[in-house]
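Read in order, the letters of the sequence shown correspond to residues 1 to 460 in full-length UniProt numbering.
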Amino acid sequence: MEKVYIKLLGIILFLGFFIQQNHAQTLPVFKENDKVCFIGNSITQDGRYHMLFQTYFATQFPGNNVSFYNCGVSGDVTEGVLYRLDKDILSLKPDYAFVMLGMNDIQLGLYESGVTVDSTLIAKRKNALNRYYELTEELSGLLKKNDIKTIFFTPTIYDQTSKIECPNKFGGNDALADCAVHIRKLAKKYNAPLVDFHPLMSEINAKGQERDSTFTIIGHDRVHPGDVGHFIMASEIIKTIYPPDVVSKIHINAKENTITQSVNCDVTIIANPSKLKFHVLEKSLPFPVASKYDDALDLISFPENFNKQIIKVDGLKKRSYRLKIDGISIGEFSKKELEGGIDLSKYKKTPQYKQALDVFNLCEAYHKVNGKLRTIALIEYKNLRKYKGPNINKDKRAYLDEELKKQEGKPWHPYLVKMCNQYFEVLPKQDALWQELKDVRGKIYQQNVPVSHTYELIKI
């Protein structure tokens with residue numbers, strides 16, 4: 001719990017500066033047993049960004065058991081969220097809600113290439129935006145009324161500038177920029193945190209396209225981010241909510257055999273005439289970056305800001321040294337490198353990194369179970385919304401098959417066919433899936449507890 005208190009103090013100090021600069025935002029501090037939900041459309045139902053955020057939280061705040069819930073529905077608009085609010089979201093009794101909407105609310109079909117931009121079309125575009133403004137205001141008020149603290153996201157971008165083959169609905173991103181302006185106003189009105197995805201992703205996209213006109217941090221449908229986009233989103237959430245911090249910082253004087261500094265860890269030196277040996281118990285784990293997200297690190301400075309795990313050693317003789325942790329050789333370093341500090345978070349052979357990777361794998365498993373439950377939500381709150389028949393799977397199947405026939409030829413038709421098939425596969429397992437979600441969450445908070453490690457610095 002000491003780690004939590006240290007983090008809380010950092011957040012409080014950071015918050016004082018933050019309020020002076022931004023006049024608003026009360027940053028969230030998740031407590032033991034808090035429930036956090038992510039409300040949105042297909043990007044949130046996909047959910048890689050909040051799976052990564054959950055991993056960061058689990059590695060940085062071990063022992064602080066917080067439940068994360070995916071409340072995204074593919075293709076959803078704000079009106080759809082209001083429709084399912086009671087049964088799908090409020091039923092979870094969340095303490096916090098992250099909200100991102102807009103991509104479907106602007107009705108991208110109004111921006112199809114080749115359409116005649118006349119007064120009628122302009123009015124339809126304006127009406128879509130006005131309805132978004134009105135309904136997001138209503139949603140924000142209802143969340144507040146139910147004592148749910150909201151964290152607002154501006155919408156991710158529609159990539160209307162990449163020279164990829166996908167047909168371009170030019171103007172869609174400008175409409176999303178208007179949505180972002182509105183969301184900033186809502187965040188200010190409700191004194192709520194704002195994670196401003198839209199300008200960040202626009203800037204990264206523009207810089208990438210200066211080098212390569214086909215570059216995109218969004219998928220090749222111009223709408224849905226891939227691994228890189230989701231990692232950037234997670235990074236921006238972390239950057240907004242948490243001040244820069246270290247996993248640990250160890251500074252030892254080898255000549256004096258003394259500890260000069262230990263931040264977020266306990267260090268005990270073991271007397272040994274032939275080598276420097278000491279025990280370390282850290283209060284956090286490094287954030288593990290799976291290889292599929294590596295490309296994102298070329299676009300943002302995540303490790304430098306949030307993932308430092310530093311060991312510095314002074315008083316060494318001029319020669320090279322091998323660092324071992326629990327008998328595992330981590331690397332060979334010069335006197336100068338050790339005096340400057342080694343960032344162990346970049347070394348994937350450390351026992352701490354391997355433990356953190358196990359936490360990531362559990363968070364990914366949790367994410368997959370959540371995904372199966374969201375298939376049920378997608379079909380029931382969206383595709384079966386107008387269904388009035390009996391609660392019998394055979395009748396539901398017949399209704400959905402008829403609806404799918406009407407959408408043949410649409411780009412989303414294969415996806416809906418897949419989701420409808422999955423719906424009938426997972427529906428009988430719904431109760432078991434909720435239990436599995438709970439079980440995996442328990443494993444996350446068992447696996448993320450740091451343990452003591454033995455460091456050895458051996459002359460070569």
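Even for Gly, the Cβ is constructed at its ideal location relative to N, Cα and C.
Ends of the alpha helix (DSSP H) at residue i?
| i | result |
| --- | --- |
| A377 | P351 to L378 |
| H50 | R48 to Q60 |
| V117 | Taken as a continuous stretch (DSSP letters only), V117 belongs to no alpha helix (DSSP H), as it is neither H nor E. |
| V181 | G172 to K189 |
| I89 | Where I89 is concerned, there is no enclosing alpha helix (DSSP H), given that its DSSP letter is neither H nor E. |
| T240 | D227 to I241 |
Just checking my contact of residue i with residue j at CB under 8 Å: how many whole Å lie between their CB atoms?
| i | j | result |
| --- | --- | --- |
| F287 | T55 | 7 Å |
| Y69 | V29 | With a Cβ gap of about 18 Å, Y69 and V29 do not count as contacting. |
| F306 | I238 | 6 Å |
| D95 | D34 | 4 Å |
| T116 | N448 | T116 to N448, Cβ: 57 Å. No contact. |
| P193 | L52 | Not quite, the Cβ-Cβ distance comes to about 18 Å (not below 8 Å), so this is no contact. |
| K372 | D76 | With a Cβ gap of about 18 Å, K372 and D76 do not count as contacting. |
| T154 | R184 | 7 Å |
| T268 | H279 | 5 Å |
| L176 | G102 | 6 Å |
| I204 | L357 | So it is not a contact: roughly 26 Å between Cβ atoms. |
| K249 | Y455 | Not a contact, Cβ separation roughly 14 Å. |
If we ignore side chains and look at the alpha-carbon of each, how far apart do residue i and residue j end up?
| i | j | result |
| --- | --- | --- |
| K312 | F197 | 36 Å |
| E380 | E403 | 13 Å |
| S202 | D212 | 15 Å |
| residue 466 | N264 | Because residue 466 is not part of the residues shown, which for the chain are 1 to 460, the question remains open. |
| K429 | I148 | 30 Å |
| I218 | P351 | 34 Å |
| K388 | Q45 | 26 Å |
| L338 | D314 | 7 Å |
| N393 | L384 | 12 Å |
| N146 | F98 | 15 Å |
| P273 | Y353 | 29 Å |
| E364 | T258 | 41 Å |
| D180 | P199 | According to the sequence displayed, residue 180 carries Ala and not Asp. Distance between the alpha carbons of A180 and P199 is about 9 Å. |
| L281 | K188 | 41 Å |
| H453 | L90 | 43 Å |
| I206 | I270 | Correcting the residue type first, residue 206 is Ala in the shown sequence and not Ile. C-alpha separation (whole angstroms): 53 Å. |
In this structure, does DSSP put residue i in helix, strand or coil?
| i | result |
| --- | --- |
| N205 | helix |
| Q430 | helix |
| N22 | Per-residue confidence for N22 stands at a pLDDT of 44, beneath the threshold of 50, marking its modelled position as unreliable; no derived number is given. |
| Y399 | helix |
| V36 | strand |
| V246 | strand |
| N253 | strand |
| T44 | helix |
| V77 | coil |
| V449 | coil |
| K3 | Unreliable positioning characterises K3 in this predicted model, as indicated by a pLDDT of 45, which lies under 50. A coordinate reading is not provided. |
| I106 | coil |
| L276 | strand |
| residue 462 | Outside the shown range of the chain (1 to 460) lies residue 462, about which nothing can therefore be said. |
| S140 | helix |
| D439 | helix |
| D298 | helix |
| S113 | coil |
| I444 | helix |
| Q407 | coil |
| I259 | strand |
| L338 | helix |
| L200 | helix |
| I218 | strand |
| L194 | strand |
I'd like the span of the beta strand (DSSP E) that includes residue i, first residue to last.
| i | result |
| --- | --- |
| D266 | C265 to I270 |
| L285 | Per DSSP, L285 belongs to no beta strand (DSSP E) and is neither H nor E. |
| R322 | S320 to I325 |
| G72 | S67 to G72 |
| L457 | H453 to K459 |
| A97 | Y96 to V99 |
| K312 | K308 to D314 |
| S334 | I328 to S334 |
| F153 | K149 to F153 |
Are the C-beta atoms of residue i and some chain B residue less than 8 Å apart?
| i | result |
| --- | --- |
| L101 | The chain inventory of the structure shown lacks chain B, comprising one protein chain alone. |
Indicate whether the contact test is met: 3 or more Cβ pairs, each with one atom in the segment 97 to 115 and one in the segment 402 to 417, closer than 8 Å.
-> No, the segment 97 to 115 does not touch the segment 402 to 417.
Are three or more beta carbon pairs between the segment 220 to 231 and the segment 146 to 159 nearer than 8 Å?
-> With the rule of 3 Cβ pairs closer than 8 Å, the segment 220 to 231 counts as touching the segment 146 to 159.
Taking contact to mean at least 3 C-beta pairs separated by less than 8 Å, is the segment 343 to 357 in contact with the segment 270 to 286?
-> At 8 Å Cβ cutoff, the stretches touch.
Do three or more CB pairs link the segment 122 to 140 to the segment 80 to 88 at distances below 8 Å?
-> These segments touch.
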